[in-house]
Each structure stands twice: as structure tokens, then as C-alpha cells.
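Sequential numbering of the sequence shown, starting at 1, is according to full-length UniProt numbering.
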Amino acid sequence: MGEYCASPEGDSALAAAAALTFPSQSPVAVAAAAAVARPRYGSCDRRYVKQVFDNLHGSISLDPLALQFVDTEEFQRLRDLKQLGLTYLVYPGAVHTRFEHSLGVYSLAGKAMNNLKTYQGEELGIDRIDMQTVKLAGLLHDIGHGPFSHLFEHEFLPRVDPGSTWSHENMSALLLDSIVDKHAIDIEDDYLKMVKEMIIASSKSATTKSAKDKHFLYDIVANGRNGIDVDKFDYIDRDCRACGLGSNFQYWRLMEGMRVMGDEICYPAKDYLSIHKLFSTRADLHRTVYTHAKVKVKNYELVQLGDNISVTSESIRIQAVELMLVDALIEANDYLGISLHANDPEDFWKLDDTIIKSIETAPNTELKKAKEIIQRIRRRELYKFCNQYSVPKDKLEHFKNITSQDIVCSQKSSGVLLKEEDVAVSNVKIDLTRGKDNPLESIKFFKDFGCDEKFPITDDRVSHLLPAYNEDRIVRVYAKKPELVEAVSEAFENLQLRMYGEKTQVHETPKKKRMRSL
């Protein structure tokens, strides 16, 4: 990513330009001239456009309004939020941030809109306001993320505030209002409302669209209809590159072929397998990176490509690290009031990944336990992976998350008496973004560009090799102390026997492994 730095003068640059034009006028007149000179909403005046080079998309042009948001401390904070949280502790190259991801989504949103405008602009009535609104939604869709990727939202907050409905999408909308007010950014209320609606379009809190038509605009950045959006296009390519993983998914094919039919984005039927590749590549990332058992990123939903789940040692390590970090943040929460920042946009922007260093170097005795956990992470003294199992298909519908208490209560005879604080459990949900349903069945296709009919395509019309099931649940168990691995593993085995009448785990317990090696 070519380095982009916020201008120290900010909006005064426009005033300076006006002063050069009207050198003999008073400061009031100069300010008025600057206001007149300010580009209008959707303007592409190249005098006020800046370029930044991205290592994935090349040169990205930031329009005047986008620059006003970028040049704020709230947006610059994204430089200190790694896109993949603590995954870099296992994949050293995964140090990219939400700053470059946001610029990438902004760029792809613009390209998608340009394609639609080129081929259907007159038919759809796409104007500069539509272009600007969608691009801003792409730029600002992640400003509400907390520290360490999704861990803050899906792991930390639910434990310190049970029943919390907090989401990064809603915080993005709240923070956007705060930025506009604080920095006096000139944007009409109706346009701002549409930007916020596009940001939360795929979340549970999605509201009724204020636009009476052009609803397809809401599916470009965060697609709540079927999950195909430029956000995924960027992070899949960016994450694969950062982690050194290959990716055969070609998002440009979908962007070139997309077509609006009946206020809905549709795709050529020949691109069915390309769309399936989008979800399968995402699935590979979840299995090998996002849910790495030592950097657990359970908050992401995953994809199962067959009857068995492939688990790498890397994913186990990632998960262990994240479980430990959550424990550290919880230990520090009472003293630092971390969770309180999540309720106030004025304070929230101060939270970023550097909090781990703040805890680690603080002299306060109140943070002793949190510091000890972080020290264990630094020294690779991680929670020990005991075992895992995939919930049987016929039990999925009524499955309830397994807890540490469930494991402890399943302990029989043992020389060690387990406590709940000795065990860490991760319940991982795996699907194609729509639970047990296949998201491809909610996508509409067309035969060719001369055809005006749109239709869905079922798997059996394409290939019998595609997965027949679209959801999985994985339960992973860790011992927080090495000496408890055997006791925790046996209790976990007893739990499976009690619930299912058989052991569904793939791996043997540590004791049996040792016996076999003798």
C-alpha cells in the first residue's frame, strides 16, 4: 500500500487555494470563496482528487468527499486494526489492516458502479449521487470494528455483557454521525442516511431502505440478499495474498458480468461455478486461517465442502491465542473499562489493537492477571488443544453450545478435579452465510445478455460433486494448563458418549496416543 498521510492543514488547503485566487480580499471573503470552491456531492474534480497505491488494486483515486473522511482520526485508527486480528502470530505476513481493506472496498465499489453505469446507466438512471453514496459505504463500512478483528464483537463483549446486541455495523453508523458532526463534513442528511443503510444492509439490524427504487445499490457493498459483495471480493484476495495462500477466485468475472434485472443484481448462468468458487475459497480461508485452532476466529461463519472438516495445526494455534486474549481482556476490563467504550462513539475510536501493549507494559497491579496471560502468548505457552468433534447432522437442528460446565460435569474418576476455569470451549458454526440453506439458490441468473428472463439454478443442474449439506458445527476443547490435558480430554470424551452414545471426535485422547506409541 502506497503511504497516504492525512493533510496537517485539513480543509485549510481549500482556503489557501482561494487566497491565491483572491489575494486582496479579507479572510471572511477568502473563507466564503473556499466554501464556493468546495466540490459538490459526487464531484470528480481532479484538482481535489488524490492517488494512493494499493498492492492489490493498484492506483486508487480518492475523491474530495472521501478524503474528508479519510483525513480524520476516526478513520486513521483503522491503521491500528489488523484485518485478521492475531492471525499474524501464526501467519507472519498477515499484518494488513482494515485501513487498506477499506480503501480496497471503496475502489471495488466504484468499479462495480462504473460497470453498471457503462452498460445500464441510462436504463437504471445511475447518477453521480448513486456513485458517491455506494463508494462512501464501501470506504466506511468497517470503521465500527473493535480491536482484534471480530473477536471484540463476538467473543469479548458477550462475556462481559451477556445479551449484548452490539454490532460493528451499528457502531459504524453511529461513528459516521459522530465524524460528520465533529469534523463539520458537508453531506446532506438524506445521503448520509443512505450510506448508513448500505453499511448495515447485511446485518440483523438492517432497516427498511429509504430509497423508493434502485434497491440493487444496497447489494454492492454488504449484500443481505445472497452474500455476493465487493467486501468479500477484497478481503478474500487480500487475505489469501497476505497468508501466502493461492486463490483461483476471479472476482472481476462477476463484476464484468453483473446485470440488474428487476431491481436485482443477476449473473450469467455460465458463472455459476465462479460464484461457488467465491464461497469455497472463503471456506478454505476459514478452515486454514480464520479458525486456525491456535488463533481461533470463531466469530466468522465457515463453509463445509464435504462430510469431513479439514483442520490444520495452524488454525488450532490461532484459536488458542484468541481464547487467551479474550481471557486477558476480561481480566483487564474492570480496571480499564474497555467495554464501556463500546457504547460511546466519542470514546470508541480510541480502542485499537495497541491495547494489548498498553496492558502488557502497565505498572498497575490490577492488571497482573491480564499481563500474565499476554506473557504466555508471547512465550508461546498457549492453551493446549485437547480434541474436537463435528456435531452429527441429525443433531444440528436442536444443538446448543457446549460450555466449560458441560465438560467439567462429564468428568468421572480422575486424579485431578477439574474446575470451569480450567477449560476453554469453542463452538464453531460453519455455513455458506445462510445457515443450512444454500446461498446460491437465492441468486438469480440469466442465459445471455440478449435474454430478459432471470431464474435460479439448483445444484443438481450443475454438478453432483457439489456439497449436499451446507452447515456444520464444530466443538473444540482446550486445557488452560498442560498438566490438565488428559483429564479434560477424557471428560470431553465422556460428554460425547453421554450426548450421542458414541465418540464423534476424530483424534484419540492423549493417554491412548501414548499407549499406542509404547
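Glycine included, each C-beta is placed from N, C-alpha and C at the ideal position.
When we look at the beta-carbon of residue i and count the other beta-carbons within 10 Å, is it buried (16 or more) or exposed?
i, result
"Trp252", "exposed"
"Val428", "buried"
"Glu502", "exposed"
"Ala184", "exposed"
"Leu217", "buried"
"Pro439", "buried"
"Phe53", "exposed"
"Asp63", "buried"
"Pro147", "buried"
"Lys384", "buried"
"Arg498", "exposed"
"Asn226", "buried"
"Lys204", "exposed"
"Asp45", "exposed"
"Val230", "buried"
"Ser489", "buried"
"Arg40", "exposed"
"Glu122", "exposed"
"Arg378", "exposed"
"Asp190", "exposed"
"residue 524", "Residue 524 is absent from the structure shown; the chain starts at 1 and stops at 518."
"Asn223", "buried"
"Glu441", "exposed"
"Lys232", "buried"
"Ser210", "exposed"
"Glu95", "According to the sequence as given, residue 95 is Val; it is not Glu. Per the 10 Å Cβ criterion, exposed."
"Lys368", "exposed"
"Arg473", "buried"
"Ser358", "exposed"
"His150", "buried"
"Lys196", "buried"
"Arg98", "buried"
"Glu155", "buried"
Below 8 Å on the Cβ atoms is my guess for residue i versus residue j; work out the distance and round it to an integer in Å.
i, j, result
"Asp406", "Lys481", "Not quite, the Cβ-Cβ distance comes to about 19 Å (not below 8 Å), so this is no contact."
"Glu381", "Gly85", "20 Å between Cβ atoms; not a contact."
"Glu153", "His168", "5 Å"
"Ser172", "Ile199", "5 Å"
"Met194", "Phe446", "So it is not a contact: roughly 27 Å between Cβ atoms."
"Lys444", "Cys266", "4 Å"
"Ala109", "Val90", "About 31 Å; that fails the 8 Å criterion."
"Ser274", "Leu254", "6 Å"
"Leu418", "Leu484", "7 Å"
"Val416", "Ala487", "4 Å"
"Leu67", "Gly104", "In fact, because the Cβ distance is near 16 Å, the residues do not count as touching under 8 Å."
"Glu366", "Tyr335", "4 Å"
Quick check: residue i and residue j, are their CB atoms within less than 8 Å of each other?
i, j, result
"Phe492", "Asn401", "no"
"Pro158", "Asp448", "no"
"Ile129", "Lys117", "no"
"Gly93", "Cys240", "no"
"Pro345", "Leu81", "no"
"Gly138", "Tyr106", "yes"
"Gln83", "Tyr235", "yes"
"Thr288", "Leu245", "yes"
"Arg238", "His145", "no"
"Arg476", "Gln319", "yes"
"Gly42", "Met113", "no"
"Asp161", "Ser339", "yes"
"His215", "Asp263", "yes"
"Asn115", "Met258", "yes"
"Val49", "Ser61", "yes"
"Ile228", "Leu278", "yes"
"Tyr500", "Lys395", "yes"
"Leu65", "Ile143", "no"
Every unbroken alpha helix (DSSP H) within the stretch 343-429, with a cutoff of 4 residues, ordered by chain | 345-348, 355-361, 368-378 and 404-409
Touching or not, the stretch 70-78 and the stretch 176-189, by the rule of three or more beta carbon pairs under 8 Å?
-> Yes, the stretch 70-78 touches the stretch 176-189.
So does the stretch 340-350 actually touch the stretch 449-460, counting three or more Cβ pairs closer than 8 Å?
-> no
List in chain order: all unbroken beta strand (DSSP E) runs of 3+ residues lying wholly within the stretch 251-281.
-> 265-268
Should the stretch 389-397 be regarded as contacting the stretch 406-420, the criterion being three or more beta carbon pairs within less than 8 Å?
-> Segments in contact, no.
Do the stretch 367-379 and the stretch 327-336 make contact, defined as three or more Cβ pairs closer than 8 Å?
-> yes
Within the stretch 109-145, note down every full alpha helix (DSSP H) run reaching 4 residues or more, in order along the chain.
-> 128-140
Whole runs of the alpha helix (DSSP H) within the stretch 136-219, excluding any shorter than 4 residues = 157-160, 168-182 and 189-199
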